Each structure stands twice: as C-alpha cells, then as structure tokens.
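Asker: Supplied in structure tokens, the structure appears directly below.
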Amino acid sequence: MNPRIVIIGAGAAGVAAATRLIERGYKNLKILEAENRIGGRIHTVPFGANVVDLGAQWCHGEKGNVCYELGSKYNVFDSNSARYERFVLTRSNGEQIPKERSEKLLGLIWSILETHKHELTGYRGSLGSFIMGKFRALLETPEYANVNDETAYQVLEFFHKFENSIEASDSWFDTSGPGYLHYWECDGDLLLNWRDKGYRTVLEILMKRHPLPTAAEAINLEDYTHFNKTVANINWTAGPDSLVSVRCTDNSVYDADHVICTISLGVLKERYQSLFTPDLPPIKRNAIQGLTIGTVNKLFLEFEQPFWAAGWQGLSLIWNQADLEEVRKMPDCWMEDVFGFYIVDYQPNVLCGWISGKNARRMERASDEEVRRACMFLLRKFMKGCTVPEPVRFQRTSWYSNPNFRGSYTFRSMTTDLLNTSASHLAIPLTNSCGMPVVQFAGEATHDHYYSTVHGAVETGWREASRLIDLYDRLIPPFNHGPKAYVDVLILGAGIAGLGAARQLRNSGKSFAILEAQSVPGGRISTKALKKHHTSGSGKGGHCQLVEAGAQWLHGRQNELHEMAKRNGLLREETSEEGLGEFLRDDGFRIDDQLVKRVDFIVGQILEQCEEFAARAAGPERDGPAVYPASLEAFLRDQFRKRTEKDFSAEQRVLAQQLLDWHCRFQIIDNSCLHVSDISAKLWGSYSFNGESCQAHINMRYGFQALVSCLIEEIGAEKIVYNKAICEIRWLDGRGKVIVKCTDGTIYCCQHLIVTFSLGVLKDTMDQLFQPNLPASYSRSIRSIGYGTIDKIFLQFEEPWWGKAEGIQLVWRDELRKDSHWTRFISGFDVLSPGPPNTLLGWIGSYGALEMEALNDEQIVSDCVFILEKFTKKKVPKPVNYYCTRWNSNRYIRGSYSYTSVNCDHEQNFMPNLTETLVCNQYDKLGEESRKKTQCQPQSTPTAGSTRAGSTGTLTSTPSGHSTSSSNSSNTLTNVQPSSTQRGSNTPTKVTTVQMAADSLATTASNSSPSAPAGTPAKTKPPVAGSANVSGSVKPSATIHFAGEACHERYFSTVHGAYLSGMEQAKKILLLDQQQ
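Each residue of the sequence shown is one higher than the one before, starting from 1 at the first, in UniProt numbering.
Okay, structure coming up:
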C-alpha cells in the first residue's frame, strides 16, 4: 500500500508528522501551506546582529521536552540571561519600586500559585478570582502590614499582564482555575534560548539538516510542500471506501486517503462551519468552541548601540492612575498593556517589548510607524534621566491579523469548563464507517498537557503520524524469514473458542498448537483490576479490585462451561440483572416507576412477538413468500405506536417515546450494533437460551479469567505460543497443507487450520489475509453477519452516593443521532453486584463507543461524572478507581460480538456457509470451486447447536444481553498486502523464498507424520473422493474451519456459544480423519 497523505500546515506539528512518515517510507505525501515558508508559528527572521524569533522563542524545560531531547545532543541551547525576577518595576513617573518590596510582593503572588495550587483542582472559578481572593487575604496578615496597598495592587496588575502573556488570555478572569493545572511544566530550565540560530533550529533537526544542511539523510520538506495554498474545504465522508478531497481557495484539489489537519485553533474557530463537509460531529464543534486561543505580540527595536547600562536586563511598566487615565484618552491607548521591554540574548543592541490580549489585537490595526512611535513614547516616559535614541530598525508581530493563524497559542478558559471539553476531544480523528481515520488533527491545541508549546505541537504531529504508521503496520507487516514448524492442527487464537477446540483435541493423538497474537490468553474474556484515579484519595481497600472488561456473565446452566465452572468451584450463587434502578431524564426529572414498568412490559411483548418470525422463516412457505418487517426497529416502533396511542395520555406518550429511545439504546448495546435498524426482525428469534430464563446472568467467583486458567491447565500451557500475529494464510499450496506466516517470520504448516479470529477482524482483513481470497460463500457470510462494539466504564466511589438505587438509567429528551456527543449513547449505569463495592458499571455502544475509545481515561471519567451530575442533580464525587474498555481499538479484536443483521435476511444459509468445512483441494488456484463436492466432509451426528442445512432455526427467546462477546480469541493477525503473484493468474510470476521454504516444509510434512514413531512407515489409505492421488500415495486435503461466537447458530454472542463452536469444529476434524 502507498496511501496518499495530505498534511495541512507546515508548522511544528506538520513538520513533525511529515518527517516521521517520510522516515518510515510514506513518501506519497503532500503538505499544503498557506504561507510562503515552513514553520507556522515558528518564525525566525534576520534582525540585528543575527536573528530574532517572531513566534516561539524559548524551549520550556528539559525533562520530557522533545525539543530539548532533539537539540541537546547538538549543543544548541543556552540559558536565557534575562530573568523576570530580576527586572526593575518602574512607575510611569520614572520611580522605581524598591527591589526588596517588589520581590516580596511578586514572591507572594508566586507562592499563591505554588503553595495553594492544589486548591485549584476543585475550584469553580477563574484563575484571576482565585489569585485575587488569596492575595487580599494574605495582605491582611501581619507580614504585609507595612506594604502600601496602592503599590501592592500596582504590582499585582503588572503580574496580571505578565500572566496573561503566558496564558495568551485577555484577562486572568478568562482563564479557568482548574484548567490552569492542565498544563504540565517540564523539569529543568524553563527559558532556554537557541543561541544565535533561533527556533527554526528544531525544524532543521527534524528535517535532519542540522548540523549539516546537505546531509545524505536530509529530508527536504520544501520538495513535498505546496506553498500559498489556503484550504477552503475538506470534504470527508463516512463510507468504507471514502476519500478526502481538499479544495484550496485557488480551486486546486488534492485527493487523499488520509489528511492530517494542523490548522490553528484560531482559524478553526473562524472557519469550521464552512471548512468541513459534512459538518464536524458535535463533540468536535464543542471542542473548537470551548478551547480558547489568545494573542501575544512582540515589539523589536534595534538601536545603533545600547543606551542602557551594562547589566541592565529590562524594564517592567507600572502605571500610576493619573498617567493611565491620560493614556486611555490617546489614539494609541492600546499601549497601556505593553508590560515591559527586555534585552534579547545574542542581540546586544535589541530590546523586545511584549503585549497581549485585546490591546495586542488593537495594536495590530495601527501602522508600523504608529506602533514604533508608541514604543518610543513608553521608553522615554518610563526611563527618566536616560536619553533614548531613535531605533535604527523596528519590527512587530501581528499574529491575530494573519488569516492563517488568528492568534498565538491556546489556553484553558472558563468557556472550556462551561462546555466540558478538552484537547482530547479536538484530537479525535474523523473516521470512516470501518473506524479508519480519514481526517486527523494535530497541533499544540490538541495536546492535553503541553498545549501552547512547540514540544506539544511536535508530540501531536508524531502522534498522528504514528496513528497511520501503526494502522499500516497492521496491514503491511515487515517481511521476514524465520523458523518453521509443522502440526496436524493449528488453532489461531487462544480465546474461549480456540481453547474449546484444543480441549477437544488434547487426547486425540493429533499434534496441535495455538498461536495467540496477544501476550495473554482469553481473547474477549478479560478480567482486569480497577485503576486508581490519580486525583483520588486512598481508594477502596488495599486489595485488587477485579472487574470483567470483556464477557460479563455466563448465560444459562445447561452447557458444558457451566459444568466445568461448577466442578472447579468458580461460580457465585448470586445472579445479576441489568437495566434496573431509577430512570432519570437529562433535566433531572425522575420518571414514574409504574410508567417505566408499563413501557418495559410493552417492549417485552413486542420483542416476544418478533420471535415468531424466525419460526415462520424456518417452516415451509404457505401461500407464497412470507413478508417480514424491514428491521427490528421498524417493527418495534410501529407496534409501540399502535399500543400506546390509545391507552396513553399525551403527556404519557411523550415520556413513553423517551423511554423507547432508552430501550433502543439498550438493544444497541445488547446486540453490539450501530443502529437498531441494523438488526433483523426476521431472525430475531434465532438466538436460544435453551429453555432457560433470559435473565439468568451467572457470575464468576474469581473472574472469567479463572475459567480460562482451568482450561489451559487441562490443555497444557506449552501448547500456546504468544505474541504470534498472523500476516498470511496460504491455503492452496499444491501439497495438501495450509501455510501460515507470522509477522516475526515464523512459518507454520498444518493439515487442518481452525481460525477463531473475531468477526470484526475477519471483516477488516480477510481480503488481504487469505491467499487466494476465501470462496464467495464464506466472504458473503462474513460480510452479512453483524458485528459491532460495546464498551464498559467502571467507576468505583468511596461511598454509594446514589443511595439505595439499583442503577441510574439515562433518558434523554432529544433524538439520538450519529453525531451526538459520545455520552448520549450511554444507556445507563448499573450498580455492580456482585463485584467491587460502591461501583457503577456504565454501558455504551454504537458511535459513542467508537468516539469514547479515542479519549484518555481521565477525560472519560470526567465526562461520566459530568453526565451523572446532570441527570441526578447531585454533587458527584470523583471516583477512587476506574476502568474503561476499548474493544474496537484492540487491533486483535476490533469490536465486541455479533448479531443477526438485516443483511442476513438476504443471504441464504449464511451460518451453515460459514461453519462448513473449507476443503482446500476442492478449489483451484483462484479459490474458485473446481470439482464437485463429495463425501469428503464428515457426516456428524447432530448435536445441540449443530447447524441445519438451509435453516435458521425455529428457536425462541431474545438476544444475549450484555455478553460483551464473551469469547473469542484475540485474532493472531496483522494484515498484509497480497503478494506480487497476481491472483488472476494460474502461473505465479514470482516464487518467493518463503514460498519455497513453505513448499519444502509441506512436502516433508506430507510424507511423514511427526506424531508417528521414528522408523515406522507412514500408513497409507485408499484414495477417497475429494482426495488427489499423486505417484500412488494418498494426499488428504487440507481443511480450514471457522469457530467463535459468531459461528454458532443458536448461541452467538456468548461465551458458551464460542466454546461449543470450537469444540464442534475440532470434532469435525477428527471425524474427517477417521473417514480418510
């Protein structure tokens, strides 16, 4: 693959992303830059003795600062000689505030930010109000009794302007108090300059042009960059084959597979409504509106020679009230917010003035000459007794006026708090329907903690480059050669299906192995310990608090897994239910319990009625083809309307519709789908509880992982090989074997292959993984069966602040849409019982789950607390422990579990087709059926759960409940691009070393069985139908079998369904070999 990548913006983030991608071989890349230069808000220009930085100036800190790590090896840094604590505070009448007094007052303010900083965590207000309150209180203490109030508040006002320049805020009353803590300082020197080379040095290092501009490995980004390209529109779609089309204002158009957008927040704020087609989702619009960017400008004056005394470092300006009132009457009144002029390192004749906020923007509207004159006015007014000559050169910045920036850098404002947003929201990629990123966002504004800095911008550029590199590493693993192994049966995946197959084979005499891509067994069975919240106190107890990240319950007692768990003492007596508790609306209104039960009863009746369609579909057709509802949603809404329009009052109907929305969200989660309209009504009753109560949610005493451990003990831990990701399955090698290649170069050869990858992985990768492609009947079934993502959010609190409620179910008044905020997709929070005490379990599905997975845990927990407060109208404490799942983000899982989709209505025998044994020698080199199928496949005795040809079953009951698919293996694969051998040709055009090695291995394996004793001749059998006879010897065909929860007709989406599926496929192999 050679994806087309467009990076919008050649600032620090864009340069970091581009160089990282090019280093990794992704050279089909273009950068669209609106300016005529590389650098963005890094802008180093010639001035005075060498250069000055119009934008970013200092490297802030050393430890954890990627800019410092990049530059320190080249000795490019020097500590800034000018220090703010050494500046003289000078009044507008020329008086200097005594150094002892100014240091005492500035020390007081700094101590507020240092000593009392922890109080900001729970503070509900601005940074300014926090500092002002503390400052007033401390001034009243005896230590400051001799400090003049006027002087104290003049110093405080200077610090206010100084702090505004750090935050880029108009006022510290705009800066969020708790948001002030979001920024992390890197340890070490916070004011490192770039000597006489300027900040552009870091760009040259990224492009490998420092210290040698013409180094062999230099990346000349100018060759990839199209300058003066202002982007007018980014057209992205959500389809699986979507392209991104970027149109510029000059009407040039650039198509791409991926776009990395590094546009400044200021430009996004101004243009996001017209910049993106279709519109951005609400969470991203909310982030753009809630995050804030401000303006900080510099005023450079070069003089013939220094007119200031040696050792003088700068001048900080403090206005007397009378002078300030006069200045405010002047046309250049903006000058009141110039808070100082300071020396510039490596520029002996240059002073730099600083201004921020509203008046910085007003300054930009004045001419250069007007600004120069104002600067000279200030210098001469404040530096009494000193002759200030005219400058020989003047230059100022205008970051807000530049339409390509619209500001300097970002901060966390009161609006950020009000809209409950964060940088992680802005950083969420726009994805297509397969979850692949099509538009990504980078830049300092997208960094959670290093916003407003170059090192933050660089990190985000690397982050988005790595997102693409990781994506394509899964699709195109590095080619490698390595050791080879043969087994009779190879099982891909150590989830419950793979373990079920292995248990069936353990005493069969067959050699077998399990390859698992992850470092642990279990697949979608995953028992995890709660994480401690970093802002919490001591937490609940000192022992490990375990929760089920994957499969939550065992469904039913009449199955083999229940018997095994019972034998090993793994079962709890307590069973669980879901969806209980108070039904609260987003305005805090609690819906009457009787109405809740009444609606629940009606929905239950409708779903039971829907089960009858499956029985009708399985029976003989009478009076022509039967007609079925278009989807479960269509049937549910139609029937619900009919049942409520007469017996409900107008007010009750409104509430009933809101409760129906909750039930739809519940079904989305229960079935792991995107929409209820995706679920088949015709096949709704095909799931079976085997005659048991659908509410029998059985809990494990020590977690589901204990059951996995019991199985592994029976099978033998040595049978599992971990960290084996699969990149190729070659199933027509010509010697009756299946060749499996791992990403580490290991090659396995087997007679029979059992694939237990999740359906999500198969959907994403089957076209690249299997060579040749799977037969059409298999690929159609894989595409038809539904599969989606649900996630869980566990929140443990010190105390059960919800009282005796059994849960908190969320009912909304607005309509659920694809672009709703991610929390809108949460059905509710169940009180976890049994389990860790005082724990809520939140359930989320559909697009909300996908969006949530892109957030960090801290943001997820914060959003959940916010939503709980919104619905309960209570003060919700911060959780002490938590755990958030991310099943779609796991490349070896790619979702949760399966469901019968509306596509299955039109795919006859979709389940038998998938579970049918793939007999490899029945197909030609194109993977097309080449000979009539015979009695090669075993005629097994039907068992509970065995498939019936042409039947979807006459079963009853409802889907599984929150099984979080239970089961299956993590897939052991990483995709590859098809080899250079053309699939449409019967004659390979190229024979690779791996192919020759595999052929040699297959030949060896065909001629002797590793399980036979040494010296024992291999037994031969007469040829059977479907086998090829070569040179008088029998060569039984290789076979492929698919197992997992999605491969069980009656118990799909459950743990025991996956387990039975694995066992049944292993039985088929044993019967097949007996027949041969």
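Every residue, glycine too, gets a C-beta built ideally from N, C-alpha and C. Note that this is a predicted model, so its numbers are computed, not measured.
From L840 to D53, what does the alpha carbon distance come to, in whole angstroms?
Answerer: 52 Å
Asker: Who does W843 pair with in a DSSP beta bridge?
Answerer: K792, G828
Asker: Is the Cβ-Cβ distance between S898 and E1045 less than 9 Å?
Answerer: yes
Asker: Kindly indicate which three-state DSSP category D78 falls into: helix, strand or coil?
Answerer: In the structure shown, D78 sits in a strand (DSSP, three-state: E or B).
Asker: Roughly how many whole angstroms lie between the Cα atoms of residue 1078 and A309?
Answerer: The structure shown has nothing for residue 1078, since the chain only spans 1 to 1076.
Asker: Which residue or residues does DSSP assign as beta-bridge partners of Q657?
Answerer: For Q657, which the question treats as bridged, DSSP gives no partner whatsoever.
Asker: I'd like to know whether the C-beta atoms of I726 and I1069 end up nearer to each other than 9 Å.
Answerer: no
Asker: With a threshold of 16 other CB atoms inside 10 Å of the CB of V654, please say whether the residue is buried or exposed.
Answerer: exposed
Asker: Are the stretch 279 to 299 and the stretch 486 to 506 touching by the rule of at least three beta carbon pairs closer than 8 Å?
Answerer: no
Asker: Measure the beta-carbon distance from V740 to C750 and round it to whole angstroms, keeping in mind my assumption that it falls under 8 Å.
Answerer: 7 Å
Asker: In this structure, how does DSSP classify I679 when only helix, strand and coil are distinguished?
Answerer: strand
Asker: Can you find the residues in the same chain that come closer than 7 Å, C-beta to C-beta, to Y847, ignoring five residues on each side of it along the sequence?
Answerer: L674, K818, F825
Asker: Distance check for L732 and T1004, CA to CA, integer angstroms please.
Answerer: Note on T1004: pLDDT 39, under 50, position unreliable in the model; no value is reported.
Asker: Would you mind sorting S252 into buried or exposed? The rule is 16 or more other CB atoms within 10 Å of its CB.
Answerer: exposed
Asker: How big is the Cα-Cα spacing for I514 and C920?
Answerer: 21 Å
Asker: Excluding sequence positions up to five away, which residues of its chain have a Cβ less than 6 Å from the Cβ of N420?
Answerer: F866
Asker: Starting from R572 and walking both ways along the beta strand (DSSP E), at which residues does that stretch end?
Answerer: 571 to 576
Asker: With a threshold of 8 Å, are at least 3 pairs of Cβ atoms found where one atom belongs to the stretch 446 to 454 and the other to the stretch 421 to 438?
Answerer: yes
Asker: Kindly list the residues whose CB is nearer than 6 Å to the CB of M1063, restricted to its own chain and excluding five residues on each side of it in sequence; keep chain order.
Answerer: G500, Q504
Asker: Rounded to whole angstroms, what's the CA-CA distance from Y68 to A17? Just pull it up for me.
Answerer: 18 Å
Asker: Measuring straight from C-alpha to C-alpha, what distance separates C34 and N228?
Answerer: Per the sequence presented here, residue 34 reads as Ala, with Cys not at that position. Between A34 and N228, the C-alpha separation is close to 4 Å.
Asker: According to DSSP, Y748 sits in a beta bridge with which residue or residues?
Answerer: A485, V740
Asker: Quick one: residues in its chain with C-beta nearer than 8 Å to the C-beta of L138, no 5 flanking neighbours on either side, listed in chain order?
Answerer: Excluding sequence positions up to five before and after L138, its CB lies within less than 8 Å of the CB of L108, I112, Y144, all in the same chain and listed in chain order.
Asker: Measure the CB-CB distance between S316 and T90 and report whether it falls below 9 Å.
Answerer: yes
Asker: How many whole angstroms separate the CB atoms of residue 1093 and T460, which I take to be in contact at a CB cut-off of 8 Å?
Answerer: With the chain represented from 1 up to 1076, any question about residue 1093 goes unanswered, as that position is not in the structure.
Asker: If S165 sits next to W354, beta carbons under 8 Å apart, how far is it from one beta carbon to the other, in whole angstroms?
Answerer: 5 Å
Asker: Based on Cα-Cα distance, which residue from G895, A1058, A615 lies nearest to V708?
Answerer: A1058
Asker: So A322 is in the alpha helix (DSSP H); what residue range does that whole segment cover?
Answerer: 321 to 327
Asker: If you drop the 5 nearest sequence neighbours on each side, which residues of the same chain put their C-beta closer than 8 Å to that of G177?
Answerer: L120, Y123, R124, G125, S126, L127, S129, F130
Asker: Within the same chain, show all residues whose beta-carbon is closer than 7 Å to that of S508, passing over the 5 residues directly before and after it, in chain order.
Answerer: L1070
Asker: If I follow the unbroken alpha helix (DSSP H) through A497, where does it start and stop?
Answerer: 496 to 505
Asker: Quick check: the Cα distance between T756 and R590, rounded to an integer number of angstroms?
Answerer: For the pair T756 and R590, the Cα-to-Cα distance works out to about 45 Å.
Asker: DSSP has E582 in a bridge; who is on the other side?
Answerer: I808
Asker: Do you know offhand how far G842's Cα is from P403's?
Answerer: 44 Å
Asker: Spell out a yes or no on whether the stretch 28 to 42 and the stretch 393 to 408 are touching, meaning 3 or more CB-CB pairs, one atom from each, closer than 8 Å.
Answerer: Segments in contact, yes.
Asker: Based on the DSSP output, what are the partners of K30 in its beta bridges?
Answerer: V6
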